[in-house]
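Peer 1:
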Amino acid sequence: MYKILGKRLLANNIYLMDIEAPRVARSCEPGQFVILKMDEKGERIPLTICDYDKEKGSVTIVFQTLGESTKEMARYEEGQYFADFVGPLGRPSEMVHEDIEELKNKKIMFIAGGVGTAPVYPQVKWLHERGIKADVIVGSKSKELLILEEEMKSVAGNVYVATDDGSYGFKGLVTDLLRDLVENQGKHYDLVVAIGPMIMMKFVTILTKELGINTVVSLNPIMVDGTGMCGACRVTVGGEVKFACVDGPEFDGHLVNFDEAMRRQTMYKSQEGRKILKKEEGDTHHHGGCGCGGDK
Amino acid sequence: MDRMKRIPISEQEPKVRASNFEEVCLGYTPEEAMAEASRCLNCKKPMCVTECPVTIGIPEFIQHVKNGEFEAAAKTIAKSSALPAVCGRVCPQEVQCEGKCILGIKGEAVAIGKLERFVADWSRENNIDLSEVAPSKGVKVAVIGSGPAGLTCAGDLAKMGYNVTIFEALHEPGGVLVYGIPEFRLPKDTVVKHEVENVKKLGVNIETNVIVGRTVTIDQLFEEEGFEAVFIGSGAGLPNFMGIPGENANGVFSANEFLTRNNLMKAFKEGYSTPIRLGEKVAVVGGGNVAMDAARTALRLGSESHIVYRRSEAELPARLEEVHHAKEEGVIFDTLTNPIEILQDERGWVNGMKCIKMQLGEPDASGRRKPVEIPGSEFIMDVDTVIMSLGTSPNPLIASTTKGLEVNKRRCIIAEEDTGLTSRENVYAGGDAVTGAATVILAMGAGKKAAKAIDEFLSDRYHC
Numbered sequence: 001m002y003k004i005l006g007k008r009l010l011a012n013n014i015y016l017m018d019i020e021a022p023r024v025a026r027s028c029e030p031g032q033f034v035i036l037k038m039d040e041k042g043e044r045i046p047l048t049i050c051d052y053d054k055e056k057g058s059v060t061i062v063f064q065t066l067g068e069s070t071k072e073m074a075r076y077e078e079g080q081y082f083a084d085f086v087g088p089l090g091r092p093s094e095m096v097h098e099d100i101e102e103l104k105n106k107k108i109m110f111i112a113g114g115v116g117t118a119p120v121y122p123q124v125k126w127l128h129e130r131g132i133k134a135d136v137i138v139g140s141k142s143k144e145l146l147i148l149e150e151e152m153k154s155v156a157g158n159v160y161v162a163t164d165d166g167s168y169g170f171k172g173l174v175t176d177l178l179r180d181l182v183e184n185q186g187k188h189y190d191l192v193v194a195i196g197p198m199i200m201m202k203f204v205t206i207l208t209k210e211l212g213i214n215t216v217v218s219l220n221p222i223m224v225d226g227t228g229m230c231g232a233c234r235v236t237v238g239g240e241v242k243f244a245c246v247d248g249p250e251f252d253g254h255l256v257n258f259d260e261a262m263r264r265q266t267m268y269k270s271q272e273g274r275k276i277l278k279k280e281e282g283d284t285h286h287h288g289g290c291g292c293g294g295d296k
Numbered sequence: 001m002d003r004m005k006r007i008p009i010s011e012q013e014p015k016v017r018a019s020n021f022e023e024v025c026l027g028y029t030p031e032e033a034m035a036e037a038s039r040c041l042n043c044k045k046p047m048c049v050t051e052c053p054v055t056i057g058i059p060e061f062i063q064h065v066k067n068g069e070f071e072a073a074a075k076t077i078a079k080s081s082a083l084p085a086v087c088g089r090v091c092p093q094e095v096q097c098e099g100k101c102i103l104g105i106k107g108e109a110v111a112i113g114k115l116e117r118f119v120a121d122w123s124r125e126n127n128i129d130l131s132e133v134a135p136s137k138g139v140k141v142a143v144i145g146s147g148p149a150g151l152t153c154a155g156d157l158a159k160m161g162y163n164v165t166i167f168e169a170l171h172e173p174g175g176v177l178v179y180g181i182p183e184f185r186l187p188k189d190t191v192v193k194h195e196v197e198n199v200k201k202l203g204v205n206i207e208t209n210v211i212v213g214r215t216v217t218i219d220q221l222f223e224e225e226g227f228e229a230v231f232i233g234s235g236a237g238l239p240n241f242m243g244i245p246g247e248n249a250n251g252v253f254s255a256n257e258f259l260t261r262n263n264l265m266k267a268f269k270e271g272y273s274t275p276i277r278l279g280e281k282v283a284v285v286g287g288g289n290v291a292m293d294a295a296r297t298a299l300r301l302g303s304e305s306h307i308v309y310r311r312s313e314a315e316l317p318a319r320l321e322e323v324h325h326a327k328e329e330g331v332i333f334d335t336l337t338n339p340i341e342i343l344q345d346e347r348g349w350v351n352g353m354k355c356i357k358m359q360l361g362e363p364d365a366s367g368r369r370k371p372v373e374i375p376g377s378e379f380i381m382d383v384d385t386v387i388m389s390l391g392t393s394p395n396p397l398i399a400s401t402t403k404g405l406e407v408n409k410r411r412c413i414i415a416e417e418d419t420g421l422t423s424r425e426n427v428y429a430g431g432d433a434v435t436g437a438a439t440v441i442l443a444m445g446a447g448k449k450a451a452k453a454i455d456e457f458l459s460d461r462y463h464c
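Chains as they are written, first to last, in UniProt numbering: chain A, 1 to 296; chain B, 1 to 464.
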């Protein structure tokens, strides 16, 4: 059993939790993730690692309530326990294995979309601890949904914020902001690391291809075990099938087949939606009796 | 009574069982078991024992059953096997113990598997304590993986007095016994959980949610946690795909994913959160036991279920009993058929499978006749879900994070056959991690041999 040491609401529907998991904390490196299972009947949910404290033996996760499971997760309070918490999963970011002096000569830009800000944080922090200042673009729908801004500022070089509605910072998409920085403000980057919704990562890679910047993305497909035994998370990278949980989650963004990855993400979408409906409105929608064609 | 004929065993009716996940075979009653046991000739040189990978004293336990001494029978089996309720159910006895039974020459072999299962079930229902353990030696051994190889190795070492910890990556111990083999062949809550509990009763500590290679490395186990030897029983869990166009369409699963969702995550049960999604017509590609399990599971979830296999029925690698059961339940067999492309609709969902007809050519090096495509015989199978059951390979994670651990070109760990010793000192391996996907009982045999070798090695070193 894994104890919830702390819980914080970061923004509407976005929660942060500190989980007591000494083995996971001890081995964590930037770029990795965990899988959590709430109780006996729960599903295995892949989650972002936002931070870790090797001495305290804790791992910080951030999640947004989307489906039934994450909504249930948000109801857990400090002092309660999750049944299972396994990790760290996936390969650490490439930079962990790179020469620090070489890294210092690189201009790195992280682009974080929404809750993707959380997995960007440990990477920027890791660089900061080694004397490297990376720039960060944080994209958000609006000011209210912006998370971890102060934390990010304390470890990053320049932090730029873009909101869709212009309620804070730059008005527009992260791609508009990146283009503005590179084309109008004379900024130069050797590497872009983009983490967020698939659609955002896709458009970032289209832009960076045009701008000629190497780009790493962190994919978030459907997963079951997270250890490489099922292939639910398979993605096509450079024409080859890869399992995101063991070969990734980070890949060369310019080689990823995003359209396929986005399509595969929707595989259980209507089932997920029906479950929420059933919970919130009662047994109204099963067997496709409404004529909507069920989940086809 | 005709000595040449087996006492029949009761099973659920095919029509009934095709729509539930209850166990198909209902097992012997005590009277039936005693009657079946009385057929055994109690041979002086029992061939059945030589064919059992863990050398159970078969005639001895069967004589006990014959006399109604079920507890003594259970204790006889416990000397050699920690998982009799599992093995009695899933071993391919027809090619092992029962394959060499003298009665099988003129009639039907003694139902050794069913008798073993009876004894194990009886001892569970009657709470027989089988945990005899030697005094503690105070020496720590780590076992990686809680499948049949790991459980057996751990159980044997614990009996010898070692302090054993099993590290398991999933949230539930049992390996393929919990995620792979379905409920209707191997009930989880009663049978598997109980056998795992029996191993724990021997003093074995099981740590779930630990992925060796990620959460902790083998070197850390030696250097930081004080283990003196390691046994790797991590299996062969990495699914193979065909590499044909359309294989990443929505609605194509590996058998591992499909069975894990259903067996481990209990997607078929009300109240469990993990979803499973099947269409009306399901094609399972492959002909092994896993393919049978997947096809029979799909049927129980309400789909029309096909086995698509490139050779003929005679070459099906699955156990005959499983093939019979699948047919009785209504699984359709499309043999001499090979998929060449998976078709999808405009939204990326499977809406057909392009196949080609095959014929059997000359025998290849292994003696099996090679399937050859019949030119121009392409056709489209009307299916909306495809489950790939083409075998599995060992996961490279442990080998890639352990210096000096050699693997062969099939990514299997190289280990001595008699001892399981790998290229690393103090590190032993066995089961599917070494052989590639094989059987439960072979993995148990390997776990047993390794336990013996580890004991010899540590006894030498510590004079204990």
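The C-beta atom is built at its ideal place from N, Cα and C for all residues, glycine as well.
Note that this is a predicted model, so its numbers are computed, not measured.
Which chain A residues sit within Cβ distance under 8 Å of Gly145(B)?
Peer 2: Mapped onto the second sequence, residue 145(B) falls at position 145. Under the 8 Å cutoff, chain A gives no residues; its nearest Cβ is about 11 Å from Gly145(B).
Peer 1: Identify the residues that DSSP records as bridge partners of Ile374(B): which are they?
Peer 2: Residue numbering aside, residue 374(B) sits at position 374 when the second sequence is read from its first letter. For Ile374(B), which the question treats as bridged, DSSP gives no partner whatsoever.
Peer 1: I'd like the list of long-range same chain contacts for Asp334(B), defined as Cβ closer than 6 Å, with 5 residues on each side in sequence excluded.
Peer 2: Counting from one through the second sequence, the residue named residue 334(B) turns up at place 334. Taken in chain order, the residues that qualify are His306 and Val308.
Peer 1: By Cβ distance below 7 Å, which residues in the same chain neighbour Met267(A) in space, the five residues on each side in sequence not counted?
Peer 2: Here the question's residue 267(A) lines up with position 267 in the first sequence. Hits under 7 Å: Ile222.
Peer 1: Specify the secondary structure class of Lys202(A) as computed by DSSP and reduced to three states.
Peer 2: Position 202 of the first sequence, counted from the start, is the residue given in the question as residue 202(A). Here Lys202(A) sits in helix by DSSP.
Peer 1: In its own chain, which residues sit with a C-beta less than 6 Å from the C-beta of Val246(A), not counting the 5 before and 5 after it?
Peer 2: Working through the first sequence from its first residue, we reach residue 246(A) at position 246. Within the same chain, Val246(A) has close Cβ partners Gly228.
Peer 1: If Pro119(A) and Ile49(A) are in contact, beta carbons under 8 Å, what's the gap, nearest whole angstrom?
Peer 2: The residue you call residue 119(A) lines up with position 119 of the first sequence. The residue you call residue 49(A) lines up with position 49 of the first sequence. About 7 Å; that satisfies the 8 Å criterion.
Peer 1: Could you tell me whether the stretch 61-79 of chain B touches the stretch 169-177 of chain B, where touching means 3 or more Cβ pairs closer than 8 Å?
Peer 2: The stretch 61-79 of chain B, when compared against the stretch 169-177 of chain B, does not touch it at the 8 Å Cβ threshold.
Peer 1: Taking any Cβ of chain E, which residues in the stretch 163-181 of chain A have a Cβ under 7 Å from it, in chain order?
Peer 2: As a matter of chain content, chain E is missing from the structure shown, whose protein chains are A and B.
Peer 1: Anyone know if the C-beta pair for Gln344(B) and Asn338(B) falls short of 8 Å?
Peer 2: Residue 344(B) sits at position 344 when you count from the first residue of the second sequence. Residue 338(B) sits at position 338 when you count from the first residue of the second sequence. No.
Peer 1: Taking the beta strand (DSSP E) that Thr50(B) belongs to, which residues open and close that run?
Peer 2: Working through the second sequence from its first residue, we reach residue 50(B) at position 50. Premise fails: Thr50(B) lies in the alpha helix (DSSP H), Met47 to Thr50, not in any beta strand (DSSP E).
Peer 1: Please state the DSSP three-state secondary structure of Ser142(A).
Peer 2: Mapped onto the first sequence, residue 142(A) falls at position 142. Ser142(A): coil per DSSP, three-state reduction.
Peer 1: If you reduce the DSSP assignment to three classes, tell me which class Lys198(B) lands in.
Peer 2: Mapped onto the second sequence, residue 198(B) falls at position 198. Checking the displayed sequence, the identity of residue 198(B) turns out to be Asn instead of Lys. Looking at Asn198(B) - three-state DSSP - the assignment turns out to be helix.
Peer 1: Is Asp53(A) helix, strand or coil by DSSP?
Peer 2: Along the first sequence, one-based indexing puts residue 53(A) at 53. Looking at Asp53(A) - three-state DSSP - the assignment turns out to be strand.
Peer 1: Closer than 7 Å by C-beta to Glu20(A): which residues in its own chain qualify, once you throw out the five before and the five after it? Chain order, please.
Peer 2: Counting from one through the first sequence, the residue named residue 20(A) turns up at place 20. Here the set comprises Tyr2, Lys3, Leu5, Gly57 and Ser58.
Peer 1: According to the Cβ coordinates, are Ala429(B) and Ile232(B) closer than 8 Å?
Peer 2: One-based indexing of the second sequence puts residue 429(B) at position 429. One-based indexing of the second sequence puts residue 232(B) at position 232. Their beta carbons are under 8 Å apart, which means Ala429(B) touches Ile232(B) by this criterion.
Peer 1: Hey, is Ala232(A)'s beta-carbon within less than 8 Å of any beta-carbon in chain B?
Peer 2: Here residue 232(A) refers to the residue found at position 232 of the first sequence. Yes, contact with chain B.
Peer 1: Would you mind working out which of Arg3(B), Ala326(B), Leu320(B) and Asn20(B) sits nearest Glu36(B), comparing C-alpha positions?
Peer 2: If you number the second sequence from 1, residue 36(B) lands on position 36. Of Arg3(B), Ala326(B), Leu320(B) and Asn20(B), the residue nearest in Cα terms is Arg3(B).
Peer 1: What residues in its chain sit with their C-beta under 7 Å from that of Gly251(B), if we drop five residues either side in the sequence?
Peer 2: Taking the second sequence and counting its residues from 1, the one referred to as residue 251(B) is at position 251. If we look at Gly251(B) and ignore the five residues flanking it on each side, its Cβ neighbours are Gly279, Trp349, Val350, Asp384, Thr385 and Val386.
Peer 1: Of all the options Ala33(B), Tyr28(B), Ala142(B) and Val86(B), which has the alpha carbon lying nearest to the alpha carbon of Ala451(B)?
Peer 2: Residue mapping note: residue 451(B) aligns to position 451 of the second sequence, counting from 1. The candidate whose alpha carbon is nearest that of Ala451(B) is Ala142(B).
Peer 1: With a threshold of 8 Å between beta carbons, is Arg6(B) in contact with chain A?
Peer 2: Within the second sequence, residue 6(B) is the residue found at index 6, counting from 1. It does not; no Cβ of chain A falls within 8 Å.
Peer 1: Using the DSSP secondary-structure output, state which residues sit across from Tyr428(B) in a beta bridge.
Peer 2: Counting from 1 along the second sequence, the entry for residue 428(B) is found at position 428. Partner(s): Phe231(B) and Leu421(B).
Peer 1: If you draw a straight line from the alpha carbon of Arg300(B) to that of Lys44(B), how long is it in whole angstroms?
Peer 2: Working through the second sequence from its first residue, we reach residue 300(B) at position 300. Working through the second sequence from its first residue, we reach residue 44(B) at position 44. When rounded, the distance between both Cα atoms is 46 Å.
Peer 1: Taking Cβ-Cβ distances shorter than 9 Å, what residues in chain A pair up with Pro317(B)?
Peer 2: Within the second sequence, residue 317(B) is the residue found at index 317, counting from 1. Result: empty, since nearest Cβ-Cβ is about 21 Å, beyond 9 Å.
Peer 1: Identify the contact partners of Asp84(A) in chain B, using a Cβ-Cβ distance below 8 Å as the criterion.
Peer 2: Along the first sequence, one-based indexing puts residue 84(A) at 84. Simply His171, Thr208 and Asn209.
Peer 1: 8 Å is my cut-off, CB to CB: does Gly238(A) come that close to chain B?
Peer 2: What you label residue 238(A) is simply residue 238 of the first sequence in a count that begins at 1. It does not; no Cβ of chain B falls within 8 Å.
Peer 1: Out of curiosity, what's the CA-to-CA distance linking Phe251(A) and Cys28(A)?
Peer 2: In the first sequence, residue 251(A) corresponds to position 251, counting from 1. In the first sequence, residue 28(A) corresponds to position 28, counting from 1. Phe251(A) and Cys28(A): Cα-Cα distance of roughly 19 Å.
Peer 1: Excluding sequence positions up to five away, which residues of its chain have a Cβ less than 7 Å from the Cβ of Asn12(A)?
Peer 2: By one-based count along the first sequence, residue 12(A) stands at place 12. Result list for Asn12(A): Glu144 and Leu145, in chain order.
Peer 1: Give a yes or no on whether the C-beta atoms belonging to Val159(A) and Asn209(B) are separated by under 8 Å.
Peer 2: Locating residue 159(A) in the first sequence gives position 159, counting from the first residue. Locating residue 209(B) in the second sequence gives position 209, counting from the first residue. No, these two residues do not count as a Cβ contact at 8 Å.
Peer 1: DSSP three-state call for Gly213(B): helix, strand or coil?
Peer 2: Locating residue 213(B) in the second sequence gives position 213, counting from the first residue. In the structure shown, Gly213(B) sits in coil (DSSP, three-state: anything other than H, G, I, E or B).
Peer 1: Using only the alpha-carbon positions, how far apart do Val284(B) and Ser303(B) sit?
Peer 2: Taking the first residue of the second sequence as 1, we reach residue 284(B) at position 284. Taking the first residue of the second sequence as 1, we reach residue 303(B) at position 303. Those two C-alpha atoms are separated by around 12 Å.
Peer 1: At which residue ranges does the UniProt domain "Dihydroprymidine dehydrogenase" (17-127) of chain B contain complete alpha helix (DSSP H) runs of 4 or more residues, listed in the order of the chain?
Peer 2: List check, alpha helix (DSSP H) in window: 30-37, 47-50, 58-66, 70-80, 84-90, 103-106 and 112-125.
Peer 1: Residues of the stretch 35-53 of chain A with a CB closer than 8 Å to any CB of chain B: list them in chain order, please.
Peer 2: Under the 8 Å Cβ criterion, the stretch 35-53 of chain A contributes Lys37, Lys41, Gly42, Glu43 and Arg44.
Peer 1: Using a Cβ-Cβ cut-off of 7 Å (strictly less than) and excluding sequence neighbours within five positions of Phe457(B), which residues of its own chain qualify?
Peer 2: Counting from 1 along the second sequence, the entry for residue 457(B) is found at position 457. The answer, listed in chain order, is Ala229.
Peer 1: If you check the beta carbons only, do Pro148(B) and Val440(B) fall under 8 Å apart?
Peer 2: Here residue 148(B) corresponds to residue number 148 of the second sequence, with the count starting at 1. Here residue 440(B) corresponds to residue number 440 of the second sequence, with the count starting at 1. Against a cut-off of 8 Å, the Cβ pair of Val440(B) and Pro148(B) comes out as a contact.
Peer 1: In the stretch 135-166 of chain B, which residue ranges form an unbroken beta strand (DSSP E) of at least 3 residues, counting only runs that do not cross its ends?
Peer 2: Listed in chain order, the complete beta strand (DSSP E) runs (minimum 3 residues) inside the stretch 135-166 of chain B are 140-144.
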